[in-house]
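Residue numbers (our numbering): 1 to 124.
Input: a single structure, listed below in structure tokens.
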Amino acid sequence: MTNPPTVLETFDNPHPGRGYLIEHFVHEFTSLCPRTGQPDFGTVAIRYVAAAVCIELRSLKLYLQGFRDRGIFYEDVTNVILSDLVGACAPRWMQIRTTWTVRGGIHSVITAEHGARPAALPSE
Numbered sequence: 001m002t003n004p005p006t007v008l009e010t011f012d013n014p015h016p017g018r019g020y021l022i023e024h025f026v027h028e029f030t031s032l033c034p035r036t037g038q039p040d041f042g043t044v045a046i047r048y049v050a051a052a053v054c055i056e057l058r059s060l061k062l063y064l065q066g067f068r069d070r071g072i073f074y075e076d077v078t079n080v081i082l083s084d085l086v087g088a089c090a091p092r093w094m095q096i097r098t099t100w101t102v103r104g105g106i107h108s109v110i111t112a113e114h115g116a117r118p119a120a121l122p123s124e
């Protein structure tokens, strides 16, 4: 059973003329392995340069919690989050990086980006 999708809310960027970096880190992300049904645990790092609007954090939290009962591979969840967030806020640039807890001795990190990476981004 999957939860209905949560609407990603936005608010007006208070400084739309400035290309500043926004970072959000979600340290308790969970989804389900579509093969085993077992939970996958990870961290989601969201980095973006906003255009006209920014992502509202309460709606982001509820949106991400909607993956708890969803069977989805690491690669897919990373790209689905990127697509949904880009659709909600149309950023100048965005990167989603998921870092997964070691399973079977394998540590996975998946990174997906949208837009041209700004030259003056601070290091990660």
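We put the beta carbon where it would ideally sit given N, CA and C, even for glycine.
Backbone CA spacing between residue i and residue j [nearest angstrom]
| i | j | result |
| --- | --- | --- |
| MET1 | ARG68 | Residue placement at MET1 cannot be trusted, given a pLDDT of 41 that sits under 50; what the coordinates show is reported in the next sentence. Approximately 10 Å, taken between the alpha carbons. |
| TYR74 | LEU60 | 19 Å |
| VAL86 | SER31 | 21 Å |
| ASP12 | GLU56 | 10 Å |
| ASN79 | TRP93 | 14 Å |
| GLU113 | LEU62 | 22 Å |
| VAL109 | TYR20 | 25 Å |
| CYS33 | ARG103 | 11 Å |
| HIS107 | THR6 | 29 Å |
| PRO16 | PRO39 | 39 Å |
| GLY105 | GLY66 | 27 Å |
Nearest to residue i (by Cα), restricted to the options the options
| i | options | result |
| --- | --- | --- |
| ALA50 | GLY37, HIS107 and ARG18 | ARG18 |
| ARG35 | ALA116, HIS15 and ARG70 | ARG70 |
| ALA116 | HIS107, ILE106, TRP100 and GLN95 | GLN95 |
| ALA52 | GLY37, ALA88, GLN38 and HIS27 | ALA88 |
| HIS27 | TRP100, ARG58 and SER83 | TRP100 |
Beta-carbon proximity check, residue i vs residue j, cutoff 8 Å
| i | j | result |
| --- | --- | --- |
| GLY42 | THR111 | no |
| LEU64 | PHE25 | no |
| ILE72 | VAL44 | no |
Whole-Å CB distance - residue i paired with residue j, under 8 Å assumed
| i | j | result |
| --- | --- | --- |
| ARG47 | GLU23 | 5 Å |
Residue i - DSSP class collapsed to helix/strand/coil
| i | result |
| --- | --- |
| ARG47 | strand |
| GLU9 | coil |
| GLY115 | coil |
| SER108 | coil |
| VAL102 | coil |
| CYS89 | helix |
| ILE72 | coil |
| LEU121 | coil |
| ARG18 | coil |
| GLN65 | helix |
| ARG58 | helix |
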